[in-house]
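Each remark here refers to the structure printed beneath this line.
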Amino acid sequence: MRLERVEIVHVAIPLVSPFRTSFGTMTAKDTFLLRLVTDTAEGWSEFAADPEPLYCSEFVAGAEIVLRDFLLPRVAALPHLTTAALAPVMAKVKGHELAKAVLETAVLDAELRTHGMPLATYLGAVRDRVPAGVSVGIRDSVPELLDDVGRHLAEGYVRIKLKIEPGWDVEPVRAVRERFGDDLPLQVDANTAYTLADADHLRRLDAFGLLLIEEPLEENNLHAHARLQRRLATPVCLDESLHHARDTASAIALDACRVVNVKPARVGGYLEARRVHDVAHAHGVPVWCGGMLETGIGRAPNLALAALPGFTLPGDTSASSRYFAEDITEPFVLQDGHLPVPAGPGIGVEPLPDALRRFTRRRGDLYA
Ligand code: OSB
Ligand code: MG
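Each residue of the sequence shown is one higher than the one before, counting from 8 in the numbering used here.
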């Protein structure tokens with residue numbers, strides 16, 4: 008392919024309700040899409056992070072600069088644009104996995120559309136629908152939380168994840184177990200809110216038969232997570248700490264995690280995400296697909312990835328209505344607790360022109 012144009016489309020879409028985690032509260036999905044034009048097809052992708060670097064070090068304004076000044080000049084210099092050629096030329100630029108992922112995904116979408124191939128087929132999917140879990144934010148009171156969980160279960164979600172932080176952990180987990188029973192697949196996500204000094208406290212969660220505890224300690228501290236895992240029966244799952252297949256291999260070897268949250272953006276894109284899946288699967292370590300409150304543009308490719316054989320736990324890939332009153336694509340609708348894997352070429356979806364126009368804040372060329 009030949010690169011002709013890369014357009015950045017800043018969008019802001021209100022969330023149906025504020026989403027509170029240990030690192031902050033989100034009320035809108037405020038990010039950008041890329042529209043990449045080649046001589047053979049167009050590709051779309053969504054940047055996964057937020058305007059502020061609270062979940063990870065990357066953020067919207069920074070990623071725009073990294074793409075425009077450092078990644079796109081290298082990619083535009085390629086004699087033949089292919090997805091596989093991107094990572095080697097982008098590797099010179101340190102880190103910035105989420106910025107690399109948004110560019111790689113737009114190229115991958117264009118390349119697969121050129122060949123008429125769905126992303127799920129390209130990645131090696133073995134399912135045409137995937138079970139949907141839901142990530143439930145921190146609330147002001149336990150009764151409000153029980154309302155949220157009860158509503159999601161009534162909608163059909165097959166697994167509940169509770170966001171936790173110091174002061175909001177054992178009691179909400181106990182209350183959810185008491186109300187909804189021991190058979191409910193239940194897990195928690197601390198987003199780095201604890202330290203090793205909290206190990207005895209976190210061990211109290213062992214009584215509740217959780218599927219996993221996600222990223223309890225500081226980002227990138229594999230040693231501390233391994234020490235914590237020695238003191239917990241609950242499997243530790245890493246999110247923020249894993250940036251590629253290589254550190255996933257290290258984490259598994261160190262017993263720093265017994266489950267892996269795969270977020271394609273966090274590891275630089277779908278090619279590396281498949282390698283993370285392969286490494287974990289080869290070690291018998293279950294993986295699941297995380298989420299970043301994506302619009303349909305980001306959700307569609309995640310559903311394709313979640314259809315790979317090693318994704319044996321339900322992911323955070325929820326229906327559009329869990330996030331937005333109106334999505335920017337045709338909405339993903341929960342059916343019998345599952346979401347369909349997109350079957351069209353590339354990521355299988357595109358922005359609805361009218362919705363895109365209404366949610367757009369600013370657009371411009373990063374490369375032309
Ligand atoms: O840690 O998994 C996380 C949302 C934004 C940033 C980080 C996380 C999350 C979620 C929600 O837990 C996942 C989703 O429903 O998209
Ligand atoms: Mg997480």
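Ideal Cβ placement from N, Cα and C applies to all residues, glycine included. As the structure is a prediction and not an experimental result, all values here were calculated from the model.
Do the CB positions of V348 and F318 come within less than 8 Å of each other? Not in contact: V348 and F318 (Cβ atoms no closer than 8 Å).
Residue ranges of each alpha helix (DSSP H) run of no fewer than 4 residues wholly in the region 109–192, ordered along the chain? Fully enclosed alpha helix (DSSP H) runs of 4 or longer: 126–130, 149–162 and 177–187.
With DSSP as the reference, label T241 as helix, strand or coil. Coil at T241, not helix or strand.
Closer than 7 Å: M299 CB and nearest the ligand OSB heavy atom: In this structure, M299 has its beta carbon less than 7 Å from a heavy atom of the ligand OSB.
Closer than 6 Å by C-beta to I354: which residues in its own chain qualify, once you throw out the five before and the five after it? Chain order, please. The residues are D116, L126, A307 and P308.
Return the CA-CA distance between A256 and D246, expressed in angstroms with no decimal places. Each residue's alpha carbon lies about 14 Å from the other.
Please check the pair K168 and S142, which I expect to be a contact at CB under 8 Å, by giving their CB distance rounded to whole angstroms. 5 Å between Cβ atoms; contact.
Rounded to the nearest angstrom, what separates K36 and Q236 at their Cα positions? Each residue's alpha carbon lies about 34 Å from the other.
Residue nearest to W51 in terms of C-alpha spacing, selected from F339, R181, P358 and E279: Ranked by Cα distance from W51, the first of F339, R181, P358 and E279 is P358.
On the criterion of 16 or more Cβ atoms from any shown chain inside 10 Å, does D57 qualify as buried, or is it exposed? By the 10 Å Cβ count, D57 comes out buried.
Taking 8 Å as the threshold, find out whether the region 98–114 comes into contact with the region 65–85 through three or more Cβ pairs. Touching, per the Cβ criterion.
Quick one: what's I220 bridged to in DSSP? I220 pairs with V195 and V243.
Pair within 8 Å by beta-carbon distance, L224 and H232: Result yes, Cβ atoms of L224 and H232 sit closer than 8 Å.
Local conformation of R369 per DSSP, three classes: In the structure shown, R369 falls within a strand segment according to DSSP collapsed to helix, strand and coil.
Given 7 Å as the limit, tell me if E53 has its C-beta closer than that to any heavy atom belonging to the ligand MG. No - the ligand MG has no heavy atom lying nearer than 7 Å to the Cβ of E53.
P321 and A139 - do their beta-carbons sit closer together than 8 Å? It is a contact, given that the beta carbons lie within the stated cut-off.
On the three-state DSSP scale, how would you describe N309? Helix.
Locate the alpha helix (DSSP H) running through T32, then write down its first and last residues. Where T32 is concerned, there is no enclosing alpha helix (DSSP H), although the beta strand (DSSP E) it sits in stretches over G31 to T45.
D246: beta carbon under 7 Å from a heavy atom of the ligand OSB? Checking the Cβ of D246 against the ligand OSB gives yes.
Measure the Cβ-Cβ separation of F366 and A19 and say whether it is below 8 Å. Contact check for F366 against A19 passes: the beta carbons are separated by less than 8 Å.
What residue from N228, R211, L219 and E185 has the CA that sits closest to T202's CA? By alpha-carbon distance to T202, the top candidate from N228, R211, L219 and E185 is N228.
Quick check on the burial criterion: 16 or more other C-beta atoms within 10 angstroms. Buried or exposed for Q194? Burial is judged here by how many other beta carbons sit within 10 angstroms of a residue's own beta carbon; Q194 has at least 16 and is buried.
Report yes if the C-beta distance between H284 and L315 is below 8 Å; otherwise report no. It is a contact, given that the beta carbons lie within the stated cut-off.
Measuring only the C-alpha atoms, how far is L152 from R146? C-alpha separation (whole angstroms): 6 Å.
K270, buried or exposed, once every other Cβ within 10 Å from all chains shown has been counted against 16: K270 counts as buried, since no fewer than 16 other beta carbons sit within 10 angstroms of its beta carbon.
Given a threshold of 16 other Cβ atoms within 10 Å of its Cβ, counted over all protein chains shown, does I220 qualify as buried or as exposed? Result: buried.
DSSP bridge partner residues for Y374 (one or two, in chain order): According to DSSP, which records beta bridges pairwise, Y374 is partnered with V13.
From F66 to F30, what distance separates their C-alpha atoms? Taking C-alpha positions only, F66 is separated from F30 by approximately 14 Å.
P95 lies in the alpha helix (DSSP H); which residues open and close that run? Per DSSP, P95 belongs to the alpha helix (DSSP H) from L93 to M97.
At a cut-off of 7 Å, is N227 close to the ligand OSB when judged by its beta-carbon and the heavy atoms of the ligand? No heavy atom of the ligand OSB is found nearer than 7 Å to the CB of N227.
Is the beta carbon of D323 within less than 7 Å of some heavy atom of the ligand OSB? Yes - the ligand OSB has a heavy atom lying nearer than 7 Å to the Cβ of D323.
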